[in-house]
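Colleague:
Numbering (my numbering), first residue to last: 71 to 355.
1) Look at the Cβ atom of residue 282, then the Cβ atom of residue 316, and state whether they are nearer than 8 Å.
2) When the Cβ atoms of the region 202-217 are set against those of the region 343-355, are three or more pairs found closer than 8 Å?
3) Tell me whether residue 182 is buried or exposed, calling it buried when 16 or more other Cβ atoms sit within 10 Å of its Cβ.
4) Would you verify that the beta carbon of residue 121 is, or is not, closer than 8 Å to some beta carbon of chain C?
5) What are the start and end residues of each continuous alpha helix (DSSP H) run of 4 or more residues lying completely inside the region 205-255, in chain order?
6) Looking at the strands, I want to know which residues DSSP matches up with residue 127.
7) With C-beta atoms as the reference, is residue 263 less than 8 Å away from residue 218?
8) Mind checking which residues open and close the beta strand (DSSP E) that includes residue 338?
9) I need the straight-line Cα distance from residue 125 to residue 269, nearest angstrom please.
10) Kindly indicate the opening and closing residues of the alpha helix (DSSP H) around residue 171.
11) Given a threshold of 16 other Cβ atoms within 10 Å of its Cβ, counted over all protein chains shown, does residue 207 qualify as buried or as exposed?
12) Check for me: the alpha helix (DSSP H) holding residue 145 runs from which residue to which?
13) Quick one: Cα of residue 286 to Cα of residue 234, how far?
14) Is residue 97 buried or exposed, if buried means 16 or more other CB atoms sit within 10 Å of its CB?
15) Pull up the distance between the alpha-carbon of residue 194 and that of residue 101, whole angstroms please.
16) Does the distance from the C-beta atom of residue 259 to that of residue 299 stay below 8 Å?
17) Please report the straight-line C-alpha distance between residue 303 and residue 204, rounded to a whole angstrom.
18) Rounded to whole angstroms, what's the CA-CA distance from residue 236 to residue 228? Just pull it up for me.
19) Under the three-state reduction of DSSP, which class applies to residue 347: helix, strand or coil?
20) Which term fits residue 91, buried or exposed, when burial requires 16 or more other beta carbons within 10 angstroms of its beta carbon?
21) Exposed or buried, which one is residue 242 when buried takes at least 16 other CB atoms within 10 Å?
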C-alpha cells in the first residue's frame, strides 16, 4: 500500500511538472514588439530609473544591484540570529532600523512613520517607461542572500491615470502603505519568501491578495532566475524560469476594472538584496 501511494505521488508530481511546462502562454499567437531594454552595462542605464526611499542602485559587473541603505547592518545581524523577518517577534528587524534611521536621517525620520509606527527603510525603483495596454516584462534576477522580500510592480498609475511622478500625487518614500493604500493603482507580485513558500499577487489600492502560486525562486535561493510577467487584457500570467506560477483573470469589476498601461517598478524590503539584468518591456498585439 505504501509503495502504491508513493508511486501515485511520483506520477502526480511528474504530471504537474509537465503541466506547468506545457500550458500555453498568453503571449503565444500574438505579435511582440520591443518597447524598452536595459542591460545595465554602464552607469547611464540608471538614468532610466527613479528611486523612492533610502535605496542604493549601482552597476555591479554589468548588472543592476539594489539594496536599502540599512541593508548591510541588518543583514549582518540576521546572519547571527539577532534579527528576524517576522513582525510578531521581539527581534523584528524593523525595530532595529527604527533606531538606525533616527541617527542617520533625523530630519527625514518623521516621514518614515505610518501613524505612530516606524515603517521606513524599504525602496521602490521606478522605470520611467510607460508600458502599453498589453505587454510582457521580463528580466534576469538573482538574490545573493536568502532573505526576503522582492517585488515587481506593474500597470502603475495614479487613480485617475496619472503618470506615477505627477506632482498632484502624494509624496512617497518607500513605505508600503503609500503604494498599497494610497493614490496609486498597481499590481504587484512578491517572491523569494522562504517561510511563506508562495509568490503572491496583490491588487492595489487595498492590497488585495488576488492569487498566488509556488515560489519557484526557492528551488535555488541564491541562483539566477528568469522572471516574466505577461499582461493581456484582463489577464496576468507569471512565470519563473519558463515555468508557470499562476494566471490571474481580473474580473473585480465591482471594485476596479483591470489595469492597463502604466509604469513598472522593483521593490525591495530592507533585508533583501538583488541583482537584475536584461530588463525588457514588449508590447503585445
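Backbone N, C-alpha and C define an ideal beta-carbon position, used for all residues, glycine too.
Modeller: To lay it out plainly:
1) If you number the chain shown from 1, residue 282 lands on position 212. If you number the chain shown from 1, residue 316 lands on position 246. Yes; because the gap between Cβ atoms is below 8 Å, this pair is in contact.
2) The region 202-217, when compared against the region 343-355, does touch it at the 8 Å Cβ threshold.
3) Indexing the chain shown from 1 puts residue 182 at position 112. So residue 182 counts as buried.
4) Absent from the structure: chain C. Only one protein chain is present.
5) Those alpha helix (DSSP H) runs which fall completely within the region 205-255 and span 4+ residues are 246-250.
6) The count along the chain shown starts at 1 and reaches residue 127 at position 57. Per DSSP, 136.
7) Against the chain shown, residue 263 aligns to sequence position 193. Against the chain shown, residue 218 aligns to sequence position 148. In this structure, residue 263 sits near residue 218, with a CB-CB distance shorter than 8 Å.
8) As a working mapping, residue 338 is identified with position 268 in the chain shown. 332-338 is the extent of the beta strand (DSSP E) around residue 338.
9) Position 55 of the chain shown, counted from the first residue, corresponds to residue 125. Position 199 of the chain shown, counted from the first residue, corresponds to residue 269. If you take the alpha carbons of residue 125 and residue 269, they lie about 23 Å apart.
10) Stepping through the chain shown from its first residue, residue 171 is reached at position 101. Following the DSSP letters along the chain, one finds residue 171 inside the alpha helix (DSSP H) bounded by residues 163-174.
11) Locating residue 207 in the chain shown gives position 137, counting from the first residue. Around the beta carbon of residue 207, 16 or more other beta carbons sit within 10 angstroms, so the residue counts as buried.
12) As a first step, residue 145 is located in the chain shown; it is residue number 75 there, counting from the start. 141-149 is the span of the alpha helix (DSSP H), which, as asked, contains residue 145.
13) As a position in the chain shown, residue 286 is number 216, starting the count at 1. As a position in the chain shown, residue 234 is number 164, starting the count at 1. Near 30 Å, if we compare the C-alpha coordinates of residue 234 and residue 286.
14) By one-based count along the chain shown, residue 97 stands at place 27. Buried, by the Cβ-count rule.
15) Here residue 194 is taken as the residue at index 124 of the chain shown, counted from 1. Here residue 101 is taken as the residue at index 31 of the chain shown, counted from 1. Their backbone Cα atoms lie some 31 Å apart in a straight line.
16) In the chain shown, counting from the first residue as 1, residue 259 sits at position 189. In the chain shown, counting from the first residue as 1, residue 299 sits at position 229. Less than 8 Å separates the beta-carbon of residue 259 from that of residue 299.
17) As a first step, residue 303 must be located in the chain shown, where it is residue number 233. As a first step, residue 204 must be located in the chain shown, where it is residue number 134. One C-alpha to the other measures close to 6 Å.
18) Along the chain shown, one-based indexing puts residue 236 at 166. Along the chain shown, one-based indexing puts residue 228 at 158. Spanning the two alpha carbons is a distance of roughly 8 Å.
19) If you number the chain shown from 1, residue 347 lands on position 277. Note: residue 347 maps to strand in three-state DSSP.
20) In the chain shown, the residue the question calls residue 91 occupies position 21. Low confidence applies to residue 91: its pLDDT is 47, below 50, so where it sits in the model is not reliable, and the reading given next is rough at best. That one is exposed.
21) As a working mapping, residue 242 is identified with position 172 in the chain shown. Burial call: buried.
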